[in-house]
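Engineer: With the UniProt record's numbering, letter number 163 in the sequence shown gets 163, and the count goes up by one each step, no holes.
Just so it is clear, CB atoms sit at the ideal spot from N, CA and C, and this is done for glycine as well.
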Amino acid sequence: MAKWILVECFSGIPGKVIAFGAAPKSFVPLSNILRNPLSLADAEAALAQACLTRTLIDRVSADGRRTVRAEPLLITPERAHAVRLWIGPVKEPLPPREPVGAWYFNLTTNRSVRSVDLLDLYGVAPENREAELAIAGAFTRLVTNRDESEALAKIVNSAPGTEHQAVWTVRRDDDALRAGHFACRIIIEVDADGRREVLFRGVTQDIGEAIAVPAAPPPMILEYQLLEASTAPGEYRAIVNLRSLQLIRWIGAPMPGIAWADLPGQPPPQIHPDDLAAALEMSRELARHRAEGTLRLRRVDGGWQKVRVRAALMVLDQHTTAGLATVTAAE
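The following block contains the structure:
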């Protein structure tokens with residue numbers, strides 16, 4: 001077989017195929033790709049061992065005819081996100097690997113964690129390789145497709161078992177535009193201290209130059225062009241989770257000086273405790289009409305920035321809404 005098979009194990013065990021070579025697959029059974037029963041059995045055994053041990057499996061089949069190689073994709077040594085699988089004749093050389101990296105959103109803590117492989121895929125310089133950041137930071141290099149509202153609705157709802165796949169354009173740190181295939185699933189896990197957390201575990205695969213992949217969106221889709229064109233100087237727009245009041249993503253440039261990325265050495269994102277009641281009231285008002293108010297947001301220098309917020313309801317799908325906030329500095 002001349003292509004690698006990418007099999008997810010987001011739930012801790014080998015699951016479905018999410019890519020065959022550079023071609024995305026919609027969570028299909030491995031048997032759809034491997035029709036030979038002997039090859040399928042060899043592959044399933046190698047997948048199970050690679051996912052369990054989180055180590056490379058490289059073996060020859062019992063009849064001596066096939067090589068089976070299973071490479072787990074990790075963020076930490078304790079957990080595999082996916083396994084890259086190849087099976088073919090013993091003397092056949094391994095095909096080239098498409099770049100792929102693992103990540104997860106902790107929807108409970110609003111943090112994003114990225115593997116070294118993903119940082120390589122994004123072309124991130126060594127000095128900028130913070131492993132964790134706020135979820136909003138994950139969107140700064142992505143050009144999302146028209147399914148973005150669907151993806152954001154899944155983040156807001158955080159329903160276990162929810163899956164999502166998309167081809168979005170990745171703007172690498174060297175400004176190269178690549179087509180990225182994203183596949184992910186929301187699951188419930190219990191951390192070392194017994195706390196229940198909601199995680200969106202996923203992988204991203206580089207499937208080619210963005211201009212060469214029809215499914216990849218252009219560098220800016222029409223809706224964002226219109227929003228940015230209507231933004232006055234000194235205004236900044238953001239999508240906010242109305243349930244948690246957490247920032248989901250900026251539309252356009254983020255507001256300077258505000259602590260939103262949750263990077264090492266910076267204060268965590270925060271609304272001033274004395275302003276939380278006003279922020280919650282604005283969130284409730286959006287069910288009836290637009291809302292406006294003044295809040296204080298934590299600055300990167302540790303102080304507080306007073307801002308004027310104008311908010312409107314943003315429909316993500318027929319059951320889910322978010323807040324579209326326009327933020328300006330206030331005296």
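Which one of 45, 284 and 300 has the shortest CA to CA distance from residue 243?
Structural biologist: In the sequence shown, the residue the question calls residue 243 occupies position 243. Comparing Cα positions, the closest option is 284.
Engineer: Could you tell me the alpha carbon to alpha carbon distance between residue 217 and residue 4, rounded to whole angstroms?
Structural biologist: Locating residue 217 in the sequence shown gives position 217, counting from the first residue. Locating residue 4 in the sequence shown gives position 4, counting from the first residue. Approximately 25 Å between the Cα atoms of the pair.
Engineer: Sort 307, 313 and 314 by Cα distance to residue 328 and report the nearest one.
Structural biologist: Your numbering for residue 328 matches position 328 in the sequence shown. The residue with the shortest Cα to Cα distance from residue 328 is 307.
Engineer: What's the call for residue 194, buried or exposed, on a 16-neighbour Cβ count within 10 Å?
Structural biologist: Within the sequence shown, residue 194 is the residue found at index 194, counting from 1. It counts as exposed.
Engineer: Please determine if the segment 27 to 34 and the segment 112 to 127 are in contact, where contact requires at least 3 C-beta pairs separated by less than 8 Å.
Structural biologist: no
Engineer: With a threshold of 8 Å, are at least 3 pairs of Cβ atoms found where one atom belongs to the segment 307 to 322 and the other to the segment 152 to 164?
Structural biologist: yes
Engineer: Could you check if residue 222 is buried or exposed, using at least 16 other CB atoms within 10 Å of its CB as the buried criterion?
Structural biologist: In the sequence shown, the residue the question calls residue 222 occupies position 222. Interpretation of residue 222 is limited by its pLDDT of 47, a score under 50 that renders its predicted location unreliable; the figure taken from the coordinates is listed afterwards. Flag for residue 222 reads exposed.
Engineer: Have a look at 260, 237 and 254 and flag the residue whose alpha-carbon is nearest the alpha-carbon of residue 246.
Structural biologist: Numbered from its first residue, the sequence shown carries residue 246 at position 246. Checked all of 260, 237 and 254; the closest Cα to residue 246 is 260.
Engineer: Just how far apart, CA to CA, sit residue 14 and residue 83?
Structural biologist: If you number the sequence shown from 1, residue 14 lands on position 14. If you number the sequence shown from 1, residue 83 lands on position 83. Approximately 8 Å, taken between the alpha carbons.
Engineer: Assess, as a yes-or-no matter, whether the segment 17 to 29 is touched by the segment 40 to 48 under the definition of 3 or more beta carbon pairs within less than 8 Å.
Structural biologist: Contact fails: fewer than three Cβ-Cβ distances are below 8 Å.
Engineer: Grab me the residues of residue 279's own chain with a C-beta within less than 7 Å of its C-beta, minus the 5 sequence neighbours each way, in chain order.
Structural biologist: Taking the first residue of the sequence shown as position 1, residue 279 is located at position 279. Closer than 7 Å at the Cβ level, and outside the excluded window around residue 279, lie 245, 271 and 295.
Engineer: Please check the pair residue 80 and residue 50, which I expect to be a contact at CB under 8 Å, by giving their CB distance rounded to whole angstroms.
Structural biologist: Counted from its first residue, the sequence shown places residue 80 at position 80. Counted from its first residue, the sequence shown places residue 50 at position 50. Rounded, the Cβ-Cβ distance is 7 Å, consistent with contact.
Engineer: Residues in the same chain with beta-carbon distance under 7 Å from residue 210, minus the five sequence neighbours each way, listed in chain order, please.
Structural biologist: Within the sequence shown, residue 210 is the residue found at index 210, counting from 1. 169, 177, 178, 179 and 216, listed in sequence order.
Engineer: With distances taken from CA atoms, which of 197, 297 and 326 is nearest residue 273?
Structural biologist: Taking the first residue of the sequence shown as 1, we reach residue 273 at position 273. Ranking 197, 297 and 326 by Cα distance to residue 273 puts 297 first.
Engineer: Is residue 16 helix, strand or coil by DSSP?
Structural biologist: Counting from 1 along the sequence shown, the entry for residue 16 is found at position 16. DSSP places residue 16 in coil when its eight states are reduced to three.
Engineer: Under three-state DSSP, which class holds residue 218?
Structural biologist: As a first step, residue 218 is located in the sequence shown; it is residue number 218 there, counting from the start. Of the three classes helix, strand and coil, the one that applies to residue 218 here is coil, per DSSP.
Engineer: Counting only the same chain and skipping the five closest in sequence on each side, list residues whose C-beta sits under 6 Å from that of residue 315.
Structural biologist: In the sequence shown, the residue the question calls residue 315 occupies position 315. Correct list, in chain order: 321.
Engineer: If I'm right that residue 161 touches residue 186 with Cβ under 8 Å, what's the distance once you round it to whole angstroms?
Structural biologist: Position 161 of the sequence shown, counted from the first residue, corresponds to residue 161. Position 186 of the sequence shown, counted from the first residue, corresponds to residue 186. Right, their Cβ atoms sit about 7 Å apart.
Engineer: Which two residues bound the contiguous beta strand (DSSP E) that contains residue 292?
Structural biologist: If you number the sequence shown from 1, residue 292 lands on position 292. Residues 291 to 298.
Engineer: How many angstroms separate the CA atom of residue 76 from the CA atom of residue 62?
Structural biologist: Against the sequence shown, residue 76 aligns to sequence position 76. Against the sequence shown, residue 62 aligns to sequence position 62. Distance between the alpha carbons of residue 76 and residue 62 is about 32 Å.
Engineer: Specify the secondary structure class of residue 202 as computed by DSSP and reduced to three states.
Structural biologist: Within the sequence shown, residue 202 is the residue found at index 202, counting from 1. Looking at residue 202 - three-state DSSP - the assignment turns out to be strand.
Engineer: Whole angstroms are fine: how far does the CA of residue 184 sit from the CA of residue 97?
Structural biologist: Your numbering for residue 97 matches position 97 in the sequence shown. Your numbering for residue 184 matches position 184 in the sequence shown. Between residue 97 and residue 184, the C-alpha separation is close to 20 Å.
Engineer: Please classify residue 190: is it buried, with 16 or more other beta-carbons within 10 angstroms of its beta-carbon, or exposed?
Structural biologist: Here the question's residue 190 lines up with position 190 in the sequence shown. The residue is exposed, with fewer than 16 neighbouring Cβ atoms inside 10 Å.
Engineer: How is residue 9 classed by DSSP in three states: helix, strand or coil?
Structural biologist: Along the sequence shown, read from residue 1 onward, the residue named residue 9 stands at position 9. Coil at residue 9, not helix or strand.
Engineer: Have a look at residue 89 and residue 73 and give me their C-alpha separation to the nearest angstrom.
Structural biologist: Residue 89 sits at position 89 when you count from the first residue of the sequence shown. Residue 73 sits at position 73 when you count from the first residue of the sequence shown. Their Cα atoms are separated by approximately 24 Å.
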